[in-house]
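Participant: Going by the working numbering, the final residue of the sequence shown carries number 852, and the count climbs one at a time with no gaps.
Every residue, glycine too, gets a C-beta built ideally from N, C-alpha and C.
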Amino acid sequence: MAPGGITVRRIEVGHAGEPGAYTVTVGADLLAGLSVPERHVALIHPVDLPREFVAQVQAALNPAVTVEVPARDDCKTLDVLGGVLSRLAGANIPRDGAVVGLGGGAATDLAGFAAASYLRGVAFYTLPTTLLGMVDAAVGGKTGVNLPEGKNLVGAFWPPRAVWCDTGTLASLPQAVFREGAAEAFKHGLISDPSLLPRVLDPEFRPGGALLEGTVADAITVKAGVVTRDPTERGERAYLNFGHTLAHALEAVTHHGVSHGDAVGYGLHYAARLSRALGGSDLTDHTRAFLRWQRPPPLPALTYEDVAPFMARDKKADADGVRFVLLRALADPYLTRVPESVLRAEFTGWQADLEELGLGGAGLPAAPLHNPAPT
Ligand SMILES: NC(=O)c1ccc[n+]([C@@H]2O[C@H](COP(=O)([O-])OP(=O)(O)OC[C@H]3O[C@@H](n4cnc5c(N)ncnc54)[C@H](O)[C@@H]3O)[C@@H](O)[C@H]2O)c1
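This is the structure:
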């Protein structure tokens, strides 16, 4: 039990005792009680993170250097990475030292890649402070930065030694950012653990709510299971991309005017429609209910022709066309090619559904063609 009697949940990623295995701890009030075996620690956090979180980690770990990096994806650049590596070298962080990443998925992706590359790799610890950071980015070992040519084009698989998800930190997160992260938790419900679906939509799933820790821990458990069985994305890990083919296209066509989590909310509904069109169960009531709960900003008026080229450039595309992750039923995902006629017809139906939900065409600008974002 953590202070205050709140239960702490521990989730194993990988096979205990084997290289690359680690534990994710979920609970309130974890930051103040942290410890790591390494004596020399570098702490990396985004500039806009509430100071109290930084101060708690500094008090617990006594870092040799604390590096503040730009907010959001502005920190995921080769320039910022170079600056971070220089600060580590300047502080003489040794080979048996550690890098600790505190913040959202952007800062922890950068910190992980700094840990992977400094002195050819030092220990890395992750302290995610966003819902997306906890249920998605912190688990699976992917680290990296962006290039002007596209997102996440440079990086490494560099698993953390441990992940601590202090759910108390979510209290300062803007509600819209919390709801963006919920899209990944809901997706984990659709592809693997349907018990998550009503819980994500429950009013008690909120910072400080009775369903927060359990739902976050169970959503992490889904990803932990998938990446344990498929650590380097050769098979089952593709299922985590349910809803992401259209999501990546929406992010790209709006030049990231739509956030990833909001795009995933939209993409889940399209993928549910495709699943039904190809003979699967009708899961669209679930994805409609999620969009009603998430209330993402409305999309610009888009045509199928606007998004199709971006879907074709998704990482699941190959010479024979785009492969989609679809569901035969709840928790029964599969990969398949979808005929163009179905993609087009379901796009029209998806847009009609959005109109009904009050989420149709508000006029975000569409952007010129560039790489969609691999996650
Ligand atoms: N490595 C992976 O497997 C993986 C998976 C999914 C996403 N990602 C990456 O994660 C990033 C998105 O992460 P995100 O959604 O966490 O957004 P983010 O990291 O951009 O954080 C959003 C903003 O909230 C601030 N913030 C963080 N925690 C806060 C808190 N508790 N209170 C107040 N403000 C807080 C951040 O500093 C930032 O400015 C993208 O770069 C994406 O590529 C990585």
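Please return the same chain residues whose Cβ sits closer than 6 Å to the Cβ of D643, not counting the five positions on each side in sequence.
Facilitator: Cβ within range, chain order: L507 and L508.
Participant: Would you list, in sequence order, the uninterrupted beta strand (DSSP E) runs of no fewer than 3 residues that lie entirely inside the segment 510-539?
Facilitator: If we require 3 residues or more, the beta strand (DSSP E) runs fully inside the segment 510-539 come out as 518-523.
Participant: In whole angstroms, give me the CA-to-CA distance for G702 and V513.
Facilitator: Distance between the alpha carbons of G702 and V513: 25 Å.
Participant: With C-beta atoms as the reference, is Y747 less than 7 Å away from P637?
Facilitator: Taking 7 Å as the Cβ cut-off, Y747 and P637 do not qualify as a contacting pair.
Participant: Considering only residues of the same chain and omitting the five flanking positions on each side of A593, which have a CB-CB separation below 6 Å?
Facilitator: If we look at A593 and ignore the five residues flanking it on each side, its Cβ neighbours are T620, A633 and W635.
Participant: Looking at C-alpha atoms only, which residue of T585, L596 and A536 is the closest neighbour of L562?
Facilitator: Nearest option by C-alpha distance: L596.
Participant: Does N569 pass the burial test, meaning 16 or more other C-beta atoms within 10 Å, or should it be called exposed?
Facilitator: Exposed, by the Cβ-count rule.
Participant: Let me check you understand the geometry: is the CB of L650 closer than 6 Å to at least one non-hydrogen atom of ligand 1?
Facilitator: Indeed, a heavy atom of ligand 1 lies less than 6 Å from the Cβ.
Participant: With a floor of 4 residues, list each alpha helix (DSSP H) that falls wholly inside the segment 764-790, ordered by position along the chain.
Facilitator: Counting whole runs of 4 or more residues, the segment 764-790 contains the alpha helix (DSSP H) stretches 781-789.
Participant: Does the beta carbon of K619 fall short of 6 Å from some heavy atom of ligand 1?
Facilitator: It does: the Cβ of K619 is within 6 Å (strictly closer) of some heavy atom of ligand 1.
Participant: Please state whether the Cβ-Cβ distance between E817 and A754 is less than 7 Å.
Facilitator: No, these two residues do not count as a Cβ contact at 7 Å.
Participant: Report the partner residues of L804 according to the DSSP bridge assignment.
Facilitator: Partner(s): P810.
Participant: Alpha carbon to alpha carbon, what distance is there between T825 and E489?
Facilitator: Near 42 Å, if we compare the C-alpha coordinates of T825 and E489.
Participant: With a threshold of 16 other CB atoms inside 10 Å of the CB of V524, please say whether the residue is buried or exposed.
Facilitator: Exposed, since its Cβ has fewer than 16 Cβ neighbours within 10 Å.
Participant: Buried or exposed: where does P786 fall if 16 or more other Cβ atoms within 10 Å of its Cβ makes it buried?
Facilitator: So P786 counts as exposed.
Participant: Here's the rule I'm using: 16 or more other beta-carbon atoms within 10 Å means buried, otherwise exposed. How should S758 be labelled?
Facilitator: Exposed, since its Cβ has fewer than 16 Cβ neighbours within 10 Å.
Participant: Please report the distance separating the alpha-carbon of A808 from that of L674.
Facilitator: One C-alpha to the other measures close to 11 Å.
Participant: Could you round the C-beta distance between V612 and G658 to whole angstroms and report it? I think they count as a contact, below 8 Å.
Facilitator: Yes, they are in contact, since the Cβ atoms of V612 and G658 sit about 6 Å apart, within 8 Å.
Participant: Let me know if S736 comes out buried or exposed under the rule of 16 or more other beta-carbons within 10 Å of its beta-carbon.
Facilitator: Buried is the call here.
Participant: Please name the residue in R714, E495 and G589 whose C-alpha comes closest to that of V640.
Facilitator: When each option's Cα is compared against that of V640, the closest is G589.
Participant: Would you kindly report the start and end of the unbroken alpha helix (DSSP H) that includes P675?
Facilitator: From DSSP, the alpha helix (DSSP H) with P675 extends over L673 to L678.
Participant: So does T705 have its beta carbon nearer than 6 Å to some heavy atom of ligand 1?
Facilitator: Because no heavy atom of ligand 1 lies under 6 Å away, the Cβ of T705 does not count as near it: no.
Participant: Check R549 in the structure and name its three-state DSSP category.
Facilitator: It is helical.
Participant: Whole alpha helix (DSSP H) runs in the segment 603-684 with 4 or more residues, listed along the chain?
Facilitator: The segment 603-684 contains these whole alpha helix (DSSP H) runs: 652-668 and 673-678.
Participant: Flag this pair as touching only if the segment 646-664 and the segment 766-783 have three or more C-beta atom pairs under 8 Å; answer yes or no.
Facilitator: Because the criterion of three Cβ pairs below 8 Å is met, the segment 646-664 and the segment 766-783 touch.
Participant: Can you look up I697 in the DSSP assignment and give me helix, strand or coil?
Facilitator: In this structure, I697 counts as helix in the three-state DSSP scheme.
Participant: Report the partner residues of T500 according to the DSSP bridge assignment.
Facilitator: BP columns for T500 point to E489 and A639.
Participant: Tell me the residue span of the alpha helix (DSSP H) that contains G589.
Facilitator: It spans G582 to S594 - the alpha helix (DSSP H) in which G589 sits, taken as one unbroken run.
Participant: Start and end of the alpha helix (DSSP H) containing T825?
Facilitator: First-last of the alpha helix (DSSP H) with T825: E817 to E833.
Participant: Please work out which residues of its chain come closer than 7 Å, Cβ to Cβ, to M788, disregarding the five sequence neighbours upstream and downstream, and give them in chain order.
Facilitator: Closer than 7 Å at Cβ, skipping near neighbours: T722, L723, A726 and V799.
Participant: To the nearest angstrom, report how far apart V485 and L647 are at their CA atoms.
Facilitator: Roughly 16 Å separates the two Cα atoms.
Participant: From the DSSP output, in three-state form, read off A566 for me.
Facilitator: A566: helix per DSSP, three-state reduction.
Participant: Flag L580 as yes when its Cβ comes closer than 6 Å to any non-hydrogen atom of ligand 1, and as no otherwise.
Facilitator: Sequence inspection shows Gly at residue 580; the Leu mentioned does not correspond to that position. Yes; taking the cut-off as 6 Å, the Cβ of G580 has a heavy atom of ligand 1 nearer than that.
Participant: Mind checking whether the beta-carbon of G494 lies closer than 6 Å to any heavy atom of ligand 1?
Facilitator: Outside the cutoff, so no.
Participant: Could you check what DSSP says for L745 in three-state terms: helix, strand or coil?
Facilitator: L745: helix per DSSP, three-state reduction.
Participant: Under 6 Å: does the beta carbon of G666 sit that close to some heavy atom of ligand 1?
Facilitator: Checking every heavy atom of ligand 1 against the Cβ of G666, none is found closer than 6 Å.
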